[in-house]
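Protein chains in written order, with UniProt numbering: chain H, 1 to 552; chain X, 1 to 201.
Idealized CB from N, CA, C, for every residue including glycine.
A quick note: this is a predicted structure, and the numbers were derived from the prediction, not measured.
Following: one structure in structure tokens, then a few remarks.
Written as structure tokens, this is what we have:
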């Protein structure tokens, strides 16, 4: 039925059938998963630039101890919207919506997602959400931080805060609809010849991600609806003086927002598991371990949310339980890291931009993961709670992790999406600037945090000024690192070297179709004859032969 | 499918239909997992608030039982009624299906009417106290779902006017409306237990 929603003409209409979408198709309500994937990626990237500009403005403010660049209210609004945009409109839509939509059907040999129209609908919920967030600046901007804890969020600019809530509910709806689509697609639409243990690891990761989003997102929606009522309709769910309780909000919020970090990193882990074996030209080490560890992270990740609330009057037994469960998440994550290292070991590594970002991710993520382990233990967390140590930690995992992974994915699949290669020299310049910028910005923040500089403030004690200046310089390096990337994307999309169907010699199914893939992906559906990571000289030869067969 | 050459077209089309059955029912079921957790969040908030208060509901808030109990009986029976509609369509009896679906929609409307009556006659409003907050938000949110369910049922009835739109083999839309209606019912049973019955103990 899902397929029937596509224009299913008789085979006789073949000559009129377009081979690929035209540029203007990318601006319309289109049901093709590849178009939707690119729509997600480009939209998300625009929001990344907007959120990035907000970050630069904030770092400029923080270069000196005084509040002399931004008005404190505006600083708060930037702070709130920077976090919100980066999470809800950049990393999640780019990783899940962008790469997920583009790659999953191609990787499992399907012609489209299970519900193409639902898919398009899910994408088109995002631009209005972003517009709502940006329009909230006309009403003073939501100022309660991306967590929007009451009572602060019930006291500051109410119109802007309501707009913030509606925006989050919109992207949440988009995320739930997308998850339904991914689960049914991966579950039911694999080519018949593909066994579960031949499913590419990115699809395993997307399955785990979707399950997690499906279960956790609605709980946030419930919490936000109650907050909306508190702000606008005079209820008192979160108002202690009228019988409510603020901690309930924190539970509902973190039941989603902790798993949200796995929503942001699991697809990236999937991207890593695709990029590394292809560019190390070696079978991936521990296929099953990586696949199942995604599911393990998905399950354990649902039972750790209280570690965000160690200082909210949580009783000791709860602190103990949630410390232990939090630390357990490090195990499946470690499994993945070790598997990638083992895959690299002895491989014929191609050090191109995609691989550089993948390796960069591993080193950054290990640092972020280690500070995460320290934060996961209640005693340390209580000491550094709401300091820059936390900021340093989550930027290492979110920037050094997710964003590096998205870049790796873009360098890896750009040839498939556009049929052209990205320029390697610009790519390497981009990587070097990003790596320096990341460490310069976020490494010193550990020190700031341990010494007690609080987060979310525009003014701070002058003793922190020199270290803050370093962070600000780093932020500018990061901002400039975007320039070679943008030039590269725009130039290569038009004039780049023609890539061919399979420039990297990949074995997953997306490389068996043309670049860019034609509408409905294949002329004849592919047949899976070997595992997705069976790299070896003679088999690569086979795959190249097959590509030529497919082309004809 | 357009991309296939004609000689292979038929073979692949058959294969295609075989490997891609209608996934809408499955999609709805997966979506309902999500919906349950949205209600789950509300239930959790309610239970936490209840646990924090010595007296629940707070003094002066009397939970009316008569109208809601009648309402509950109507809603639960409507789940059986809608099932007869499903049975009818599986026997190719479109008129029977339409009849049972009309009755279900009417019962849903009566339920909503009962809820409105209850809201108007209760001695407390949305802002009275934290119990009243929960009461109105939760029942209101459920009422919204009942309303959507009625729309789905009416949609099915509307579409069934076209001859052959639904028949014994092809009745996904009918089944989806039924599944959604059952879901709304199950949620109501939990809500009724939490908000009405357990406040008496």
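Let me check understanding here. Comparing Cα to Cα, which of H:371, H:402 and H:270 lies closest to residue 391 of chain H? Start at 1 with the first residue of the first chain, and residue 391 of chain H comes out as number 391. Scanning H:371, H:402 and H:270 for the CA closest to the CA of residue 391 of chain H turns up H:371.
Q | Any C-beta of chain X under 8 angstroms from that of residue 556 of chain H | A | This structure cannot settle anything about residue 556 of chain H, because the visible part of chain H is limited to 1 through 552.
Exercise for review: Taking 8 angstroms as the threshold, find out whether the region 446-453 of chain H comes into contact with the region 522-538 of chain H through three or more Cβ pairs.
Suggested key: no
Fill in: CB of residue 221 of chain H within 8 angstroms of CB of residue 172 of chain H, strictly
Looking up residue 221 of chain H in the first chain gives position 221. Looking up residue 172 of chain H in the first chain gives position 172. Their beta carbons are under 8 angstroms apart, which means residue 221 of chain H touches residue 172 of chain H by this criterion.
| Any C-beta of chain X sitting closer than 8 angstroms to the C-beta of residue 153 of chain H? | If you number the first chain from 1, residue 153 of chain H lands on position 153. Residue 153 of chain H does not count as touching chain X.
What residues of chain H sit near residue 35 of chain X, judged by a beta carbon separation below 8 angstroms?
-> As a working mapping, residue 35 of chain X is identified with position 35 in the second chain. Within chain H, the residues near residue 35 of chain X are 218.
Answer with buried or exposed for residue 211 of chain H, where buried requires no fewer than 16 other C-beta atoms within 10 angstroms of its C-beta.
Locating residue 211 of chain H in the first chain gives position 211, where the first residue counts as 1. Buried.
Of the residues H:199, H:148, H:180 and H:46, the one placed nearest residue 130 of chain H, counting alpha carbons only: The count along the first chain starts at 1 and reaches residue 130 of chain H at position 130. The alpha carbon of residue 130 of chain H has as its nearest neighbour, out of H:199, H:148, H:180 and H:46, the alpha carbon of H:46.
- Below-8 angstroms beta-carbon distance, residue 195 of chain X vs any chain H residue: For the purposes of this step, residue 195 of chain X is taken as residue 195 along the second chain, with counting starting at 1. No, its Cβ sits nowhere closer than 8 angstroms to a Cβ of chain H.
I'd like the span of the alpha helix (DSSP H) that includes residue 395 of chain H, first residue to last.
Numbered from its first residue, the first chain carries residue 395 of chain H at position 395. Start and end: 388-397.
For chain H, check one thing: does any of its Cβ atoms lie closer than 8 angstroms to the Cβ of residue 129 of chain X? Position 129 of the second chain holds residue 129 of chain X. Chain H, which has a Cβ nearer than 8 angstroms to the Cβ of residue 129 of chain X, makes this yes.
- Name the chain C residues whose beta carbon is nearer than 8 angstroms to that of residue 125 of chain H? You won't find chain C in this structure, because its protein chains are H and X.
query = Considering only residues of the region 64-102 of chain X, which uninterrupted alpha helix (DSSP H) runs meet the minimum length of 4 residues and lie entirely inside it, listed in chain order?
reply = 66-90
| query | Is residue 304 of chain H close to chain X, meaning its C-beta is less than 8 angstroms from at least one C-beta of that chain? | reply | Here residue 304 of chain H is taken as the residue at index 304 of the first chain, counted from 1. No, no contact with chain X.
For residue 358 of chain H and residue 555 of chain H, the rounded distance between their alpha carbons | Given that chain H is displayed from residue 1 to residue 552, the structure contains no residue 555 of chain H and the question cannot be resolved.
From residue 132 of chain H to residue 165 of chain H, what does the alpha carbon distance come to, in whole angstroms?
In the first chain, counting from the first residue as 1, residue 132 of chain H sits at position 132. In the first chain, counting from the first residue as 1, residue 165 of chain H sits at position 165. Between residue 132 of chain H and residue 165 of chain H, the C-alpha separation is close to 10 angstroms.
Using a Cβ-Cβ distance under 8 angstroms, would residue 31 of chain X count as near chain H?
In the second chain, counting from the first residue as 1, residue 31 of chain X sits at position 31. Yes, its Cβ sits closer than 8 angstroms to a Cβ of chain H.
Q) Candidates H:88, H:153 and H:44: which alpha carbon is nearest residue 76 of chain H's? A) Here residue 76 of chain H is taken as the residue at index 76 of the first chain, counted from 1. The shortest Cα separation from residue 76 of chain H among H:88, H:153 and H:44 belongs to H:153.
Problem set entry | Of the residues X:162, X:103, X:135 and X:165, the one placed nearest residue 45 of chain X, counting alpha carbons only | Position 45 of the second chain, counted from the first residue, corresponds to residue 45 of chain X. The shortest Cα separation from residue 45 of chain X among X:162, X:103, X:135 and X:165 belongs to X:135.
- prompt: So, is the C-beta of residue 248 of chain H closer than 8 angstroms to a C-beta in chain X?
  reply: What you label residue 248 of chain H is simply residue 248 of the first chain in a count that begins at 1. At least one CB atom of chain X sits nearer than 8 angstroms to the CB of residue 248 of chain H.
Chain H contact residues for residue 147 of chain X, given Cβ-Cβ distances below 7 angstroms: Translated into the one-based positions of the second chain, residue 147 of chain X becomes position 147. The CB of residue 147 of chain X never comes closer than 7 angstroms to any CB in chain H; the least such distance is about 16 angstroms.
In chain order, what residues of the same chain have a beta carbon less than 8 angstroms from the beta carbon of residue 92 of chain H, not counting five sequence neighbours either side? In the first chain, counting from the first residue as 1, residue 92 of chain H sits at position 92. So the qualifying residues of the chain are 171, 175, 260, 263 and 264.
From what residue to what residue does the alpha helix (DSSP H) around residue 81 of chain H run? Along the first chain, read from residue 1 onward, the residue named residue 81 of chain H stands at position 81. Taken as a continuous stretch (DSSP letters only), the alpha helix (DSSP H) holding residue 81 of chain H covers 72-84.
* Asked: Looking only at C-alpha atoms, which of H:85, H:434 and H:90 sits nearest to residue 142 of chain H?
  -> Here residue 142 of chain H refers to the residue found at position 142 of the first chain. Selected option, being the one with the closest Cα: H:85.
Taking just the CA atoms, how far does residue 144 of chain H sit from residue 73 of chain H? For this step, residue 73 of chain H is matched to residue 73 along the first chain. For this step, residue 144 of chain H is matched to residue 144 along the first chain. For residue 73 of chain H and residue 144 of chain H, the distance between alpha carbons rounds to 10 angstroms.
Name, in chain order, the residues that DSSP records as bridge partners for residue 498 of chain H. Mapped onto the first chain, residue 498 of chain H falls at position 498. Answer by DSSP bridge pairing, in chain order: H:420.
Q. Cα separation between residue 219 of chain H and residue 180 of chain H?
A. As a position in the first chain, residue 219 of chain H is number 219, starting the count at 1. As a position in the first chain, residue 180 of chain H is number 180, starting the count at 1. Rounded to the nearest angstrom, the two C-alpha atoms are 16 angstroms apart.
Would you verify that the beta carbon of residue 137 of chain X is, or is not, closer than 8 angstroms to some beta carbon of chain H? Here residue 137 of chain X refers to the residue found at position 137 when the second chain is read from its first residue. Nearest CB-CB separation between residue 137 of chain X and chain H: below the 8 angstroms threshold.
Q.
Which residues does DSSP list as the beta-bridge partners of residue 454 of chain H?
A. By 1-based counting over the first chain, the position of residue 454 of chain H is 454. In the DSSP output, where bridge partners are listed per residue, residue 454 of chain H has H:387.
Residue 11 of chain X to residue 22 of chain X span [Cα, whole Å]
Mapped onto the second chain, residue 11 of chain X falls at position 11. Mapped onto the second chain, residue 22 of chain X falls at position 22. With a pLDDT of only 36 at residue 11 of chain X, under the threshold of 50, the placement of this residue in the model should not be trusted; the figure read from the coordinates follows. Residue 11 of chain X and residue 22 of chain X: Cα-Cα distance of roughly 19 angstroms.
Please go through the same chain and pick out, in chain order, the residues whose beta-carbon is closer than 7 angstroms to the beta-carbon of residue 469 of chain H, but skip the five residues on each side of it.
By 1-based counting over the first chain, the position of residue 469 of chain H is 469. So the qualifying residues of the chain are 63.
DSSP-derived helix/strand/coil call for residue 114 of chain H: As a working note, residue 114 of chain H is residue 114 in the first chain. Note: residue 114 of chain H maps to coil in three-state DSSP.
Original post:
I think residue 342 of chain H touches residue 286 of chain H, with their Cβ atoms under 8 angstroms apart; what is that distance to the nearest whole Å?
Top reply: If you number the first chain from 1, residue 342 of chain H lands on position 342. If you number the first chain from 1, residue 286 of chain H lands on position 286. About 7 angstroms separates the two Cβ atoms, so the contact holds.
Is the number of C-beta pairs between the region 90-97 of chain X and the region 192-207 of chain H that are closer than 8 angstroms three or more? No: fewer than three Cβ pairs fall under 8 angstroms.
**Item:** Beta carbon proximity, residue 214 of chain H to chain X, threshold 8 angstroms
**Value:** One-based indexing of the first chain puts residue 214 of chain H at position 214. For residue 214 of chain H, the answer is yes, since a Cβ of chain X falls inside 8 angstroms of its Cβ.
Point to revise | Short-range partners of chain H found in the region 143-174 of chain X, where Cβ spacing is below 8 angstroms | key: 172
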